[in-house]
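Peer 1: Submitted below is the structure of interest, expressed as structure tokens.
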Amino acid sequence: MAPNAFAGAELSIDLGAITANWRALGARLEGGARAGAVVKADAYGLGMAAVAPALHDAGCGDFFTATLDEGIALRALLAARPAGEASRIYVFLGPRPGEAAEYRRHRLSPMLNDLGQIETWRAEPGRGAAQSAVLHIDTGMSRLGLPPAEVARLAAEPERLAGLDIDFLMSHMACAEAPEHPMNQAQLSEFKAALGPLGGVAATPRASLANSSAIFLGGQYHFDLARPGAALYGLNPTPGKANPMAETVRLQAEILQVREIDSPRSIGYGATHRVKRPSRIATVPVGYADGYLRSASNRASVHIAGLPAPLVGRVSMDMITLDVTDIPAQHAQPGAPVDLIGGGHPVDALAAEAGTIGYEILTSLGMRYRRRYIQNGSERQGTT
Ligand SMILES: *Cc1c(COP(=O)(O)O)cnc(C)c1O
Numbered sequence: 004m005a006p007n008a009f010a011g012a013e014l015s016i017d018l019g020a021i022t023a024n025w026r027a028l029g030a031r032l033e034g035g036a037r038a039g040a041v042v043k044a045d046a047y048g049l050g051m052a053a054v055a056p057a058l059h060d061a062g063c064g065d066f067f068t069a070t071l072d073e074g075i076a077l078r079a080l081l082a083a084r085p086a087g088e089a090s091r092i093y094v095f096l097g098p099r100p101g102e103a104a105e106y107r108r109h110r111l112s113p114m115l116n117d118l119g120q121i122e123t124w125r126a127e128p129g130r131g132a133a134q135s136a137v138l139h140i141d142t143g144m145s146r147l148g149l150p151p152a153e154v155a156r157l158a159a160e161p162e163r164l165a166g167l168d169i170d171f172l173m174s175h176m177a178c179a180e181a182p183e184h185p186m187n188q189a190q191l192s193e194f195k196a197a198l199g200p201l202g203g204v205a206a207t208p209r210a211s212l213a214n215s216s217a218i219f220l221g222g223q224y225h226f227d228l229a230r231p232g233a234a235l236y237g238l239n240p241t242p243g244k245a246n247p248m249a250e251t252v253r254l255q256a257e258i259l260q261v262r263e264i265d266s267p268r269s270i271g272y273g274a275t276h277r278v279k280r281p282s283r284i285a286t287v288p289v290g291y292a293d294g295y296l297r298s299a300s301n302r303a304s305v306h307i308a309g310l311p312a313p314l315v316g317r318v319s320m321d322m323i324t325l326d327v328t329d330i331p332a333q334h335a336q337p338g339a340p341v342d343l344i345g346g347g348h349p350v351d352a353l354a355a356e357a358g359t360i361g362y363e364i365l366t367s368l369g370m371r372y373r374r375r376y377i378q379n380g381s382e383r384q385g386t387t
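My numbering numbers the first residue of the sequence shown as 4 and each following residue consecutively.
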């Protein structure tokens, strides 16, 4: 039996749209830069086991995960594809002591995020010592990456990198979705300033700076390799402007029950919504346990037959309630489909209603939906 065969909600993921988005981003890059693909956090919740092979088959050769475990799983997935062994896999969090051998065993390239990780990577050569690594320079996130003092130290003590194959130097943008933000230019300048001294030390002139939004800041941010995640999955990399990316996700649920309420009465936990007129309230079997965030309570909307309907009351663990009074009755019956994401209500719109960003909506998508992967018209169901 297919997983979640009796689920009252179905998540459709359009692999063709994801690969089309990857191609569209690549076509925007200037100066010979390539587009990689960030598939961390199970490809932003959409299922790395389906998404990564599709991107590989579309020609993507550079993948990024956050964790070592994700990298190991991805190497196994790609190894099963024709020419998949040749794909490069980069791991953002980098090696903790004792992990370098695992990186090399699975041919994963770590980000080296501070002098300590450089030391770990050098001190544990193990088998396959020639495995490349990436030098991460912090230009404004103050999270991971070599801060300016460590960049200076490394430039002065190049022997710290002796024997290492540094594939490229990278940094990460803090405010790229806000094109006017002064951080963008400041980070670009600081990155370029570090590339000079370190470029020689690392014996590579190659560099990577852009996430999804930074691709849209212009060619000077593109360098050799871009690292888009969100835009691949259809989130708008240019907030406030029309979304240039194709939608990739649709979440549809079936109405379980419709209730006629003709006297003043409250709805849901905390009695946070009271009906003020004779109303029809539809119950849909999706709740915060499915990643439909509780912060959407009394704020989100859905689409039914293309018409908006408000979510009323609190989001429960397994259910939400909708005011369908203004929806023609034939469309708001038990069994009728409701668009929670897509179908006129994009991920970014739901995110705004829930007071968050599309990234959190996608990476919260739960495991109880029936999943349907669409590729060039053909479909398959899966748990990934
Ligand atoms: C997550 C991540 C990305 C991708 O960012 P998007 O905004 O999703 O395109 C790129 N680089 C690093 C270092 C990341 O952590």
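C-beta atoms are modelled at their ideal positions from N, C-alpha and C, and glycine is treated no differently.
(1) So, with DSSP's three-state summary, where would you put L368?
(2) For the 8 Å Cβ check, are there 3 or more pairs between the stretch 11-20 and the stretch 357-377?
(3) Does Y93 come out as helix, strand or coil in the three-state DSSP assignment?
(4) My output table needs one value for E257: the three-state DSSP class, helix, strand or coil.
(5) With a threshold of 6 Å on Cβ separation, who are the neighbours of A308 within its own chain once the five nearest residues in sequence on each side are excluded?
(6) How would you write the range of the alpha helix (DSSP H) that V305 sits in, first residue to last?
(7) Which value, in whole angstroms, describes the spacing of the CA atoms of A8 and V261?
(8) How many angstroms separate the CA atom of T387 from the CA atom of V204?
(9) Please check the pair T286 and M248, which I expect to be a contact at CB under 8 Å, by giving their CB distance rounded to whole angstroms.
(10) Name the two residues that bound the continuous beta strand (DSSP E) containing T286.
(11) Does the distance between the C-beta of H175 and the nearest non-hydrogen atom of ligand 1 fall short of 8 Å?
(12) So does Y291 have its beta carbon nearer than 8 Å to some heavy atom of ligand 1?
(13) How should E102 be labelled, buried or exposed, when 16 other C-beta atoms within 10 angstroms of its C-beta is the threshold for buried?
(14) Once DSSP output is grouped into helix, strand and coil, what is the label at T387?
(15) Report the rounded CA-to-CA distance for V305 versus A5, giving the unit in angstroms.
(16) Relative to the C-alpha of V41, which candidate in E33, L32 and T70 has its C-alpha closest?
(17) For R125 and L167, which I take to be in contact (beta-carbon distance under 8 Å), what is that distance rounded to the nearest angstrom?
(18) Can you list, in chain order, the residues of its chain with a C-beta nearer than 6 Å to that of P242? Leave out the 5 residues immediately preceding and following it.
(19) Given that a residue counts as buried once 16 or more other Cβ atoms are within 10 Å of its Cβ, and exposed if not, what is M173?
(20) Write down the C-beta distance between R240 and I218 rounded to the nearest angstrom, noting that I regard them as a contact closer than 8 Å.
(21) What alpha helix (DSSP H) runs, 4 residues minimum, are completely inside the stretch 108-186?
Peer 2: The answer reads as follows:
(1) Here L368 sits in coil by DSSP.
(2) Touching, per the Cβ criterion.
(3) In the structure shown, Y93 sits in a strand (DSSP, three-state: E or B).
(4) Looking at E257 - three-state DSSP - the assignment turns out to be strand.
(5) Excluding residues within five positions, the ones whose Cβ falls inside 6 Å are H334.
(6) Run containing V305: none in the alpha helix (DSSP H); it sits in the beta strand (DSSP E), S304 to I307.
(7) A direct Cα-to-Cα measurement between A8 and V261 gives close to 23 Å.
(8) For T387, the predicted structure reports a pLDDT of 46, less than 50, and the residue's modelled location is therefore unreliable. A value from the coordinates is still provided. Straight-line Cα distance between these residues: approximately 42 Å.
(9) Contact flag wrong, Cβ pair sits at about 33 Å.
(10) First-last of the beta strand (DSSP E) with T286: S282 to V287.
(11) For ligand 1, at least one heavy atom lies less than 8 Å from the Cβ of H175.
(12) Taking non-hydrogen atoms of ligand 1 into account, the C-beta of Y291 is found less than 8 Å away from none of them.
(13) Buried.
(14) Only weak support exists for where T387 lies, its pLDDT of 46 falling under 50; the coordinates are left without a value.
(15) When rounded, the distance between both Cα atoms is 27 Å.
(16) With respect to the C-alpha of V41, the residue from E33, L32 and T70 having the closest C-alpha is T70.
(17) The Cβ separation is near 6 Å, so the contact holds.
(18) Cβ neighbours of P242 beyond the five flanking positions: E180.
(19) Burial call: buried.
(20) Rather than Arg, the amino acid found at residue 240 in this sequence is Pro. Rounded, the Cβ-Cβ distance is 7 Å, consistent with contact.
(21) List check, alpha helix (DSSP H) in window: 118-126 and 151-159.
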